[in-house]
Structures are given as C-alpha cells and as structure tokens.
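> One structure follows; several queries about it will come next.
Residue numbers (UniProt numbering): 1 to 356.
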C-alpha cells in the first residue's frame with residue numbers, strides 16, 4: 001500500500017469567520033465513535049481476525065465536538081521494527097524519554113494571569129496548568145508489570161511498552177506532528193484498524209476523524225512551537241475475560257503552536273485521548289501478533305476549529321476575525337474529573353472551553 005497522508009485539495013481557510021476572546025479557547029470537539037468501530041472492537045476481543053498481511057481521526061461542523069472509534073490490540077514485536085525509523089527520530093528529539101515509575105498528580109494548579117503568564121515562543125506553556133507536567137513520553141505512566149489473565153508478567157511488560165510506543169509515535173512524533181506522513185502509525189496497526197485509519201485519512205469526517213488516532217498540524221497554516229509537548233496520562237491493564245488483557249490509555253497532550261510560517265503569537269491545543277488496546281492470550285493463536293489492534297474510544301480537543309474537518313488540528317489565533325465560539329457553559333479542558341461523552345451522545349457538539 002502506498003503512502004497515505006490524507007492531503008487533498010486546498011480548502012477555505014478554517015480560521016476565517018472565527019474570533020477569540022480571552023476567556024475561551026475557540027472550540028472543543030468531542031466526536032463519537034462509529035457504530036461499526038464499536039462493533040469491531042467487541043468482536044476483536046472475543047474473536048480476533050486473522051491479519052492477511054499488508055502495512056500499514058474534531059472538527060465537527062459549526063457547532064460540534066470530537067469523539068472517536070473503537071478497536072483493540074494483541075501483542076507485537078515486529079511493530080518495533082516497523083517503527084524503527086520513527087523511534088530513531090523520536091530518540092534523537094528526546095521524546096522517548098524514560099519510563100516513569102510514578103503517576104503524576106491528577107491536576108495542575110493554574111498560575112495567576114499576568115504578563116509573565118502569556119505564552120511566547122520562548123515560554124509556550126507559561127500560564128498553563130500543563131507547565132508543571134512532564135515533557136513528551138515522560139508523561140505517559142506505565143503500571144508495574146504483573147501477570148494478567150493468562151499472560152506472564154514479562155509479556156504484560158512488553159505489551160504495555162508497545163501500547164506506550166504507539167502513543168509516542170502517534171501523538172509525539174515531530175515529523176507527523178509537523179504535518180508529515182501518517183505511515184509510521186499505519187505500519188503499527190493490524191489490517192482492520194489500519195484500513196479504518198487509512199479511510200479516515202483519505203475521507204476525514206465528523207465520525208471518522210484521524211486526529212483521534214494521531215496528532216498533525218497542517219504545515220501550510222500551523223507550526224508546532226519547540227520540541228516539547230506537555231503530557232499527563234496513565235495506562236492500566238485488566239483481564240479481557242478470554243485469557244488476554246485490555247490496556248486502557250487516558251492521556252492529555254498539550255501542544256504549543258503558531259501560525260505558519262513565522263507567526264509570533266503562541267496558542268495551545270489540549271487533546272485528551274482515550275484508547276483501548278487488546279492483547280490476546282495464548283489461546284488466540286491466529287491473531288496477528290506483529291501489529292496492534294487499537295481503538296480510540298473517546299476524547300476531546302480544545303482549541304480546534306469546529307468548522308473544518310480535514311484530518312489536522314486547526315487551532316484559532318488571537319488575530320483570527322469573526323465568531324467561532326461554541327455554545328453552552330464553559331468547560332475546563334484540563335479537568336479530567338469531568339465525565340467524557342457517552343457512546344450514545346450525539347456527535348458534533350461544540351462547546352466553549354475555558355482558556356487557562
């Protein structure tokens with residue numbers, strides 16, 4: 001399969017008609033998983049498909065939020081080879097980091113608003129609760145490796161590391177984040193999730209938005225600021241009832257960005273991503289153990305255009321004219337105690353999100 005980037009014909013500027021005010025980030029999207037994805041996720045847990053080979057998500061309309069799809073994951077070793085180039089780039093950028101042993105605190109204290117708290121190119125996270133979070137992969141916390149289901153502690157440790165690697169490649173890879181090819185992520189996936197992500201990249205929609213699978217900015221409009229992404233999240237492992245396990249990831253990523261090519265105003269994008277990985281037990285001998293069954297099951301994005309769905313994160317900037325705020329009470333994007341949308345909630349709601 002050829003390289004799939006999701007790039008298409010030029011669209012109208014997503015920032016036209018949008019206006020910021022100081023209290024709110026311009027749009028938070030929470031998109032619902034497709035019914036087919038949820039169905040396949042359940043099927044994969046009990047009857048994983050045979051992988052025939054091969055390689056290998058908001059922006060709702062004017063008032064819409066982001067949500068996701070559902071799948072799962074088995075063991076993988078070849079994924080490490082498929083991602084070798086991406087891992088090398090990440091290591092050179094200092095993004096892989098070390099494996100943290102203790103979970104970070106559940107929240108952050110928002111600094112008082114002052115001139116020193118205004119984000120800048122030199123201090124892009126100034127004034128944000130995320131300023132005290134860990135950098136890059138150091139913020140993704142792994143639990144101790146213990147036997148789960150019919151899986152040994154050693155196997156569980158390997159599987160947890162593989163799930164963490166997916167999060168690093170998909171959400172922290174500087175090449176992908178800067179708008180590069182999504183191929184390193186596709187290469188990590190088993191055939192069914194790979195097909196679904198590939199379809200979302202080619203035809204992004206409110207119900208199939210690739211930014212739930214990976215994070216990318218459109219390089220013609222937006223550039224990441226610096227090499228640091230602030231991260232806070234944990235992985236948990238639980239038996240799946242069939243001898244294997246489900247690894248549940250709940251991670252917040254905070255990106256700093258500026259307008260391309262050389263904008264000076266810095267804004268932040270808060271992306272909460274909730275994913276499930278299913279690793280099958282020894283009885284499932286037919287599954288593709290070299291690739292991942294991943295299911296983005298929930299999440300939201302704060303400061304992302306509600307009017308454009310093009311497979312990229314589309315933040316608004318202080319110079320953006322117009323009116324693009326969501327409706328309803330303001331939501332704190334850093335408050336993980338707030339309930340996530342349930343699978344039955346309507347997709348496409350765009351809410352005001354408080355700017356920290």
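Quick reminder that beta carbons are idealized off the backbone N, C-alpha and C, glycines included. Since the structure is predicted, the reported quantities are computational estimates derived from the model, not experimental observations.
Please list the terminal residues of the continuous beta strand (DSSP E) segment that includes residue 299.
Counting along the chain, the beta strand (DSSP E) containing residue 299 begins and ends at 294-302.
> Would you kindly check if the distance between the Cβ of residue 119 and the Cβ of residue 266 is under 8 angstroms?
Result yes, Cβ atoms of residue 266 and residue 119 sit closer than 8 angstroms.
> Would you mind giving the Cβ-Cβ distance between residue 252 and residue 229, rounded to the nearest angstrom? I have them listed as a contact below 8 angstroms.
That pair is no contact at about 10 angstroms.
> Classify residue 266 as helix, strand or coil using the three-state DSSP reduction.
Residue 266 falls in the coil class under three-state DSSP.
> Using DSSP with H/G/I as helix, E/B as strand and the rest coil, what is residue 123?
Three-state result, residue 123: coil.
> Residue 338 by DSSP, collapsed to three states: which one?
In this structure, residue 338 counts as coil in the three-state DSSP scheme.
> State the CB to CB distance for the pair residue 317 and residue 259, rounded to an integer number of angstroms; the pair is presumed to be in contact (CB under 8 angstroms).
About 6 angstroms separates the two Cβ atoms, so the contact holds.
> Hey, quick one: how far does the alpha helix (DSSP H) through residue 155 stretch, first residue to last?
Per DSSP, residue 155 belongs to the alpha helix (DSSP H) from 153-172.
> Helix or strand or just coil, what does DSSP make of residue 118?
In this structure, residue 118 counts as coil in the three-state DSSP scheme.
> Can you check whether the CB of residue 275 is closer than 8 angstroms to the CB of residue 188?
Not in contact: residue 188 and residue 275 (Cβ atoms no closer than 8 angstroms).
> Which residues in the same chain as residue 248 place their Cβ atom closer than 6 angstroms to its Cβ, once the five residues preceding and following it in sequence are excluded?
236, 276.
> In chain order, what residues of the same chain have a beta carbon less than 7 angstroms from the beta carbon of residue 214, not counting five sequence neighbours either side?
Closer than 7 angstroms at Cβ, skipping near neighbours: 170, 171, 176, 182, 185.
> Taking Cβ positions, are residue 224 and residue 271 nearer each other than 8 angstroms?
No, Cβ-Cβ distance for residue 224 and residue 271 is not below 8 angstroms.
> Checking 8 angstroms against the spacing of the C-beta atoms, do residue 280 and residue 241 come in under that value?
Contact: no.
> Which same chain residues end up closer than 7 angstroms to residue 226 when comparing Cβ atoms and leaving out the 5 residues on each side of it in sequence?
Taken in chain order, the residues that qualify are 124, 256.
> Who does residue 248 pair with in a DSSP beta bridge?
According to DSSP, which records beta bridges pairwise, residue 248 is partnered with 236, 276.
> How should residue 314 be labelled, buried or exposed, when 16 other C-beta atoms within 10 angstroms of its C-beta is the threshold for buried?
By the neighbour-count rule (16 or more Cβ atoms within 10 Å), residue 314 is buried.
> Determine the DSSP secondary structure at residue 222, reduced to helix, strand or coil.
Reduced to three states, the DSSP call for residue 222 is strand.
> Buried or exposed for residue 337, please, with buried defined as at least 16 other CB atoms from any protein chain shown within 10 angstroms of its CB.
So residue 337 counts as exposed.
> Hey, quick one: how far does the alpha helix (DSSP H) through residue 200 stretch, first residue to last?
Taken as a continuous stretch (DSSP letters only), the alpha helix (DSSP H) holding residue 200 covers 191-202.
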